[in-house]
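In this text, residue positions in the sequence shown follow my numbering: the first is 687, and each later residue adds one. Please read the structure below before turning to the comments.
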Amino acid sequence: MPRAKGERKHSKKAASAVSASTHATATPGPPQGTADPELDRDTDPATLLQRLIKRQSFAGSWTREDLPCSAMHVSRDAVKASAEKLAATHPAIGGDKIAAVLATAIVIMFLEKKMADEEETWELVVEKARGWLAGEVGDEEVLKEVWKEADDIVGAAA
């Protein structure tokens, strides 16, 4: 059956990744953000990608605590400082919310820049995350600032 204009064909691999992400919060296990620090240092791309997918919330976001910063080669201090800077600049949004917005943007940037060869696996995960971001931050200028901070953080990653 032909696809409608603009309709995307998604691979089974990508559908499986979204399925893993949407079911991750429903399965018992340690609370999000309390992962074993040793696992956070595991930089195997396949393992890291699966961990990122599993840590995505049902809604499509990540929290700052969900980021395996060591494995992503991202400075946890830089993430915290950027979140605090954005929260101070945009107090109406709230600190926890802006931290989740930033964390989500960081994961999206990381996947797109550092794991581009795995796009088939993460494309639907990123689509869901972008949808969450658009719903949480209506102000385009704020979103531009968030993307810049995320780009700076991921760009500094080894």
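Each residue gets a CB set at the ideal place from its N, CA and C atoms; glycine is no exception. Quick caveat, the model's predicted, so the values are computed rather than measured.
Three or more C-beta pairs closer than 8 Å, one from the segment 738-754 and one from the segment 780-788: is that the case here? yes
Given a cut-off of 7 Å, decide if residue 738 and residue 793 are closer than it, judged by their beta-carbon atoms. yes
Cutting at 6 Å between CB atoms, please list the residues of its own chain near residue 828, excluding the five before and the five after it. 776
Between the beta-carbon of residue 756 and the beta-carbon of residue 835, is there less than 7 Å? no
If I measure Cβ to Cβ from residue 772 and keep anything under 7 Å in the same chain, skipping five residues before and after, which residues do I get? 784, 788, 831, 832 and 835
For residue 796, three-class secondary structure by DSSP: helix
Is the CB-CB distance between residue 804 and residue 735 below 7 Å? Their beta carbons are under 7 Å apart, which means residue 804 touches residue 735 by this criterion.
What span of residues does the alpha helix (DSSP H) with residue 779 cover, start to end? From DSSP, residue 779 is part of no alpha helix (DSSP H); its letter is neither H nor E.
What is the DSSP secondary structure of residue 845, reduced to helix, strand or coil? Any property of residue 845 remains undetermined from this structure, which presents the chain solely from 687 to 844.
By how many angstroms is the C-alpha of residue 774 removed from the C-alpha of residue 754? 25 Å
Option nearest residue 817 by Cα separation, candidates 732, 744 and 740: 744
Nearest-angstrom Cα distance between residue 814 and residue 781? 22 Å
Flag this pair as yes or no: are the beta carbons of residue 801 and residue 840 separated by less than 7 Å? No.
Which class does residue 833 belong to by DSSP, given the choice of helix, strand or coil? helix
Given this structure, state the Cα-to-Cα distance separating residue 808 from residue 791, to the nearest angstrom. 14 Å
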